[in-house]
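*Asks:* Protein sequences, first through last, are from chains F and C. Read left to right, the first sequence gives residues 3 to 116 (the working numbering). Read left to right, the second sequence gives residues 3 to 148 (the working numbering). Every residue, glycine too, gets a C-beta built ideally from N, C-alpha and C. Below you'll find the structure I mean.
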Amino acid sequence: MSIKASTRQVESVTIVDISGRITLGEGSTILRDTVRDLLNRGQKKILLNLGDVTYIDSSGIGELVSGFTTVTNQGGQLKLLNLTKKVHDLLQITKLYTVFEVHNDEATAVRSFA
Amino acid sequence: MSPEKRVEVMLESTLESVDQAEAITLRFAGEAGFNEEDVAKVGMAVRESMVNAVFHGNHYDRRKKAGLRLELEQGRLVATVTDQGEGFDVERVPDPLAPENMLRQSGRGIFLIKAFMDEFHVRRLLPRGTEVRMIKYPSVTNGKEG
Chain F
3 MSIKASTRQV ESVTIVDISG RITLGEGSTI LRDTVRDLLN RGQKKILLNL GDVTYIDSSG
63 IGELVSGFTT VTNQGGQLKL LNLTKKVHDL LQITKLYTVF EVHNDEATAV RSFA
Chain C
3 MSPEKRVEVM LESTLESVDQ AEAITLRFAG EAGFNEEDVA KVGMAVRESM VNAVFHGNHY
63 DRRKKAGLRL ELEQGRLVAT VTDQGEGFDV ERVPDPLAPE NMLRQSGRGI FLIKAFMDEF
123 HVRRLLPRGT EVRMIKYPSV TNGKEG
């Protein structure tokens with residue numbers, strides 16, 4: 003199953019609902035392009051909902067990191083929502099769990115944006 | 003001693019081959035009796051290794067092949083991935099956990115392989131290429147979750 007990404011707006015936050023596999027190739031490319039498009043439209047409060055992400059490889063993790071640094075460098079915020087166990091464990095192993103702000107509840111996540 | 007079970011394929015240097023290698027590995031590990039978590043770990047390790055072979059080793063050159071061999075030896079799963087590239091020095095791969103590398107976009111593949119597998123060995127092939135050999139020991143509790 004390839005990746006699917008759709009966006010919706012909740013208050014001033016853009017939520018990107020992602021499902022499928024974030025892997026080298028189409029998956030990571032779509033994630034990268036989605037974040038880039040949002041930034042180009044001036045939307046800098048981005049919440050990635052990963053609740054339906056079934057798989058992520060090191061390339062996918064790299065795109066999460068790249069998205070985070072790009073958004074942050076442009077004065078924005080990128081946060082994560084609803085990590086599956088697989089994604090959670092990978093971020094723990096790579097110590098990236100300390101880099102990202104992670105939420106389990108959408109309303110709380112939205113309120114957390116400055 | 004001959005392996006109890008063996009699968010060997012030579013694949014094109016494409017992303018589709020990475021998916022194919024992963025699928026073959028998941029099936030092999032599952033049939034070998036590894037539990038669900040370990041099957042996923044082995045699959046991921048082979049996937050990362052195949053990405054390295056196809057992308058970093060063979061540079062997507064369709065003239066070059068990436069090899070996958072899976073063997074079951076006394077309950078241990080031995081996964082061997084080969085490429086036909088120029089080789090690399092595993093000692094020079096940056097540590098992705100080092101503070102200066104944490105926010106790098108790439109460089110986590112080998113780290114993840116080592117995290118998921120019990121043994122990890124790299125050697126240069128002659129006249130060219132690299133062989134990555136990864137071993138997963140049998141789980142303490144194999145089989146499906148009860």
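Given a cut-off of 8 Å on the beta-carbon distance, is the pair A47/C and A81/C in contact?
*Replies:* Numbered from its first residue, the second sequence carries residue 47/C at position 45. Numbered from its first residue, the second sequence carries residue 81/C at position 79. Against a cut-off of 8 Å, the Cβ pair of A81/C and A47/C comes out as a contact.
*Asks:* Given that Q86/C touches chain F, what residues does it touch there, using C-beta distances under 7 Å?
*Replies:* Stepping through the second sequence from its first residue, residue 86/C is reached at position 84. The premise fails here: Q86/C is roughly 19 Å from chain F at the closest Cβ pair, so nothing lies under 7 Å.
*Asks:* Answer with yes or no whether the minimum CB distance from L70/C to chain F is below 8 Å.
*Replies:* For the purposes of this step, residue 70/C is taken as residue 68 along the second sequence, with counting starting at 1. So, not an interface residue.
*Asks:* Kindly give me the distance between the Cβ atoms of K46/F and Q79/F, rounded to whole angstroms, as I take these residues to be in contact under 8 Å.
*Replies:* Taking the first sequence and counting its residues from 1, the one referred to as residue 46/F is at position 44. Taking the first sequence and counting its residues from 1, the one referred to as residue 79/F is at position 77. K46/F to Q79/F, Cβ: 7 Å. Contact.
*Asks:* Pull up the DSSP beta-bridge partners for Y122/C, would you.
*Replies:* Within the second sequence, residue 122/C is the residue found at index 120, counting from 1. The question names Tyr, yet the displayed sequence has Phe at residue 122/C. Bridge partners of F122/C: M136/C.
*Asks:* Kindly indicate if chain C contains any beta-carbon less than 8 Å away from that of K81/F.
*Replies:* Here the question's residue 81/F lines up with position 79 in the first sequence. It does not: the Cβ of K81/F has no partner Cβ on chain C nearer than 8 Å.
*Asks:* Hey, out of A68/C, D40/C, R8/C, whose CA is closest to A21/C's CA?
*Replies:* Residue numbering aside, residue 21/C sits at position 19 when the second sequence is read from its first letter. Residue identity check: residue 21/C is Asp in the sequence provided, not Ala. That would be A68/C, whose Cα lies nearest to the Cα of D21/C.
*Asks:* Which residue comes first and which comes last in the alpha helix (DSSP H) that contains A48/F?
*Replies:* The count along the first sequence starts at 1 and reaches residue 48/F at position 46. Note on identity: in this sequence residue 48/F is Ile, with Ala being the wrong assignment. Here I48/F belongs to no alpha helix (DSSP H); instead the beta strand (DSSP E) covers 47-58.
*Asks:* For K33/F and A7/F, which I take to be in contact (beta-carbon distance under 8 Å), what is that distance rounded to the nearest angstrom?
*Replies:* In the first sequence, the residue the question calls residue 33/F occupies position 31. In the first sequence, the residue the question calls residue 7/F occupies position 5. Lys is not the amino acid found at residue 33/F; the sequence shown has Leu there. 7 Å between Cβ atoms; contact.
*Asks:* What does V101/F touch in chain C if you count any residue whose Cβ is under 9 Å from its own?
*Replies:* Locating residue 101/F in the first sequence gives position 99, counting from the first residue. Result: M104, L105.
*Asks:* With 8 Å as the limit, tell me which residues of the segment 39-53 of chain C have their beta carbon closer than that to any beta carbon of chain F; keep them in chain order.
*Replies:* If the cut-off is 8 Å between Cβ atoms, the segment 39-53 of chain C has A42, M46, R49, E50, V53 near chain F.
*Asks:* I want to verify the contact list: residues of chain C whose CB lies under 9 Å from the CB of T71/F, in sequence order.
*Replies:* What you label residue 71/F is simply residue 69 of the first sequence in a count that begins at 1. Going along chain C in sequence order, the residues near T71/F (Cβ under 9 Å) are L105, Q107.
*Asks:* Using the rule of at least 16 other Cβ atoms within 10 Å of the residue's Cβ for burial, across every protein chain shown, is N60/C buried or exposed?
*Replies:* Sequence index remark: in the second sequence, residue 60/C carries index 58 (1-based). With 16 or more other Cβ atoms within 10 Å, it is buried.
*Asks:* To test your reading of the DSSP string, which unbroken beta strand (DSSP E) runs of 3 or more residues are found completely within the segment 61-98 of chain F?
*Replies:* Qualifying beta strand (DSSP E) stretches, in chain order: 79-83.
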